[in-house]
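When you line the sequence shown up against mature numbering (1 follows the signal peptide of the UniProt record, and there is no 0), it's residues -17 to -1, 1 to 520, in that order. The beta-carbon is built from N, C-alpha and C at its ideal position, and this holds for glycine as well. Keep in mind it's a predicted model, so treat the numbers as computed, not measured. Report on one structure; see the data block that follows.
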Amino acid sequence: QMRLWLQIAFLPLVVLSQDQDPCADAPSEAAKIVCRMLHKWDDNARQASTRKAVALPPGVLSGLAAELAPIAASIYQCLELDCICTYLRGTQSDGGCLLESGQTVRKAIRKEYRVMSNNERGRLHRALNEMRRNGEYTNLARIHAEQTRGGAAHSGPAFLPWHREYIKRVELAIRQIDPGLALPYWDSTLDGALPRPADSIIFSDAFGGEANEQGDVLSGAFANWRTLEGRGNIRRAVGAQGQCFTEADIEFVMRQTSAEQILAFTAPQQGCPIRTDYNCLEYTHGNVHIFVGGDMFDTETAANDPLFYFHHSFVDMIWELWRQERQTPEQRETTYPLDNQQCASPQHFAAATLQPFGPFRNNDGLSNAYTNNLYEYAPRPTCPSCSGSKYLFCDSSHGEPRCAAKIRLNGVCTGYEQGEQPCYGGICEGGRCVDAGNVITRPPPITRPPPVTPKPPGHIQENCFNEHQCCGTWADSGECSANAVYMRDWCKASCRTCVPQTYTLTDDCDDRHLNCAAWSQSGECTANAAWMTENCR
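Take a look at the structure:
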């Protein structure tokens, strides 16, 4: 039934004839699926695009682009730990952030999902469930779903910068609930090393949960999660199509010497001088989406599944490994493919707004601040210790020793001849992992961690601000419609792109942001007069 569902979902993408199909030369069926999806999203973006130039403020001559917002109006705009500390109600201390609870928050360390301790993983699952309960998970998932209608999240050079900013925001949502956590990465090469990758422990109740024969995830931490579409649970079709990342995929990325081969044109039109390379990161990452299947199969539903975020954390890690290996710090922040509408939609141009994260721009996603200030990646597990994880083992039977995921009970365990113990909570007999009797088959219960710092009263974090003191005047003169692209990003409140929850726009003498007093004392009234005059009165 799930295979049939995938085939039906795929039908709208295959209406082109062989001669018209830009994906006819794709090397595999999975690559064809990814290719057709990328071209579909590119078509949507081009239809949605109403401009080819950077949006300008009213009365500003062409050639002058808008600058990045000088004030982080919400925690999601933060690019420094000091900024995060302000929103967590902490004080800066010894290179970290000291919370009222006594906990010190530092730069996040993103570990492989199976290298997290049981305590860390349990806290992560609880934080994600709290996000699901309070609605923030749904809000963030909807952002990704809406990008199929005309954004720059896919089908071109902004793919990696867009997802870097996006999953940063997901990580910050997690850290507002439990500041000691980080978003893990899912290294799917560990699962791809197995005889049958779908048997990996990552698809067990201890991690991502197990799907029934119909593909419904009804057990584990993410059981019975209602989706954006209103279904009662997440769906998967693990292993029906696609594949996990391979070492060859990563090695290909690391061999590239040009940023244009990484921030790639993945849905070029006729006339683009650059041909599609099906080994580029946007394509190979798509194989994993198809491998998990179900909600992960399609962009509109992918973010229903928390594995989506762990997968994209690994994609971001691969990109960062390449940046560190192949670029100087200056090149990392300045090298972006040339704007070419035959190769990518205008939404992918360097100075285009990183929708819906305006006023950030696509090339702001190249900033070193992400990994200098906010997070870094723990090394990938390697033999012989595999980072000390009991959920991984060192496979010595297939050439160079490599770490692999432990196999679930009833999973296939053939091909191990060097004394490996590939089964979690069991032994390998007759090519299958079977219960060893009194072996514990699940991790021990996880004790609840100490209370974390509470959110601000009411759990409301205001995100609706004007970015310029002239927004009200511009809106009154009709610029919200006459100059919609600029005003949508820079004058959200006055143009009613959003509605303020914690202040009244017509109050002329009230501070609109909870940090106004602190910013005033630090000199922002002079340094960032336009924003402060509007919002910190």
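Annotation for Gln239: no beta strand (DSSP E) segment contains it, and DSSP assigns it neither H nor E. Shown here, Tyr266 sits in a helix according to DSSP, grouped into three states. By the C-beta density criterion, Val482 is exposed, having fewer than 16 other C-beta atoms within 10 angstroms. Judged by DSSP in its simplified three-state form, Thr318 adopts coil rather than helix or strand. Counting only runs of 4+ residues, the alpha helix (DSSP H) found wholly inside the stretch 280 to 310 occupies 282 to 285, 290 to 309, in chain order. When rounded, the separation of the alpha-carbon atoms in Ala327 and Ile245 is 14 Å. In the structure shown, Cys454 adopts helical secondary structure according to DSSP, grouped into three states.
Taking 8 Å as the cut-off, the beta carbon of Gln401 is found closer than this to the beta carbon of Ser379. The stretch 180 to 200 and the stretch 209 to 228 touch, with no fewer than 3 CB-CB distances between them shorter than 8 Å. DSSP links Asp494 through a beta bridge to Cys519. Annotation: Leu82 to Gly73 spans about 4 Å, alpha carbon to alpha carbon. Here Asp65 has Gln75, Cys80 as same chain residues with Cβ atoms under 8 Å from its own Cβ, once five neighbours each way along the sequence are excluded. Nearest neighbour of Thr487 by Cα position, chosen from Cys255, Gly409, Asn518, Pro329, turns out to be Asn518. Contact annotation: Arg115 and Trp208 have beta-carbon atoms nearer than 8 Å. Per the coordinates, the alpha-carbon of Thr267 lies some 22 Å from the alpha-carbon of Ala28. Per DSSP, reduced to three states, the secondary structure at Tyr486 is coil, with no helix or strand assignment.
Pairing Ser138 with Leu304 gives a Cβ-Cβ distance that is not under 8 Å. Taking Ala55 as the centre and dropping the five residues before and after it, the same chain places the C-beta of Cys61, Cys66 closer than 6 Å to its C-beta, in chain order. CA-to-CA, the gap between Cys227 and Tyr469 works out to about 41 Å. Taking 8 Å as the cut-off, the Cβ atoms of Tyr96 and Ile185 count as close. Rounded to whole angstroms, the gap between the alpha carbons of Thr317 and Gln307 is 14 Å. In the DSSP assignment, Tyr120 falls within the unbroken alpha helix (DSSP H) covering 119 to 129. When Ala13, Glu383, Arg19, Tyr353 are compared, the shortest CA-CA separation from Gln3 is found for Arg19.
For Tyr70, the uninterrupted alpha helix (DSSP H) segment begins and ends at 64 to 70.
Between the beta-carbon of Arg93 and that of Tyr360 there is about 5 Å, and that keeps the pair under the 8 Å contact cut. For Ile245, the three-state secondary structure derived from DSSP is coil.
For Tyr358, the beta-bridge partners assigned by DSSP are Ala91. A distance below 6 Å between beta-carbons, with the five flanking residues on each side excluded, links Thr210 to the following residues of its chain, in chain order: Asn287.
For Val153, the enclosing alpha helix (DSSP H) stretches over residues 142 to 160. Here the alpha carbon of Phe248 sits roughly 9 Å from the alpha carbon of Ala141. Residue pairing by DSSP puts Tyr168 in a beta bridge opposite Glu95. Under the 10 Å beta carbon count, Asp77 is surrounded by fewer than 16 other beta carbons and is classified as exposed. The beta carbons of Tyr358 and Glu63 sit no closer together than 8 Å. Between Leu173 and Arg106, the beta carbon gap of about 22 Å keeps them out of contact (Cβ cut-off 8 Å). In the structure shown, Gly73 falls within a coil segment according to DSSP collapsed to helix, strand and coil.
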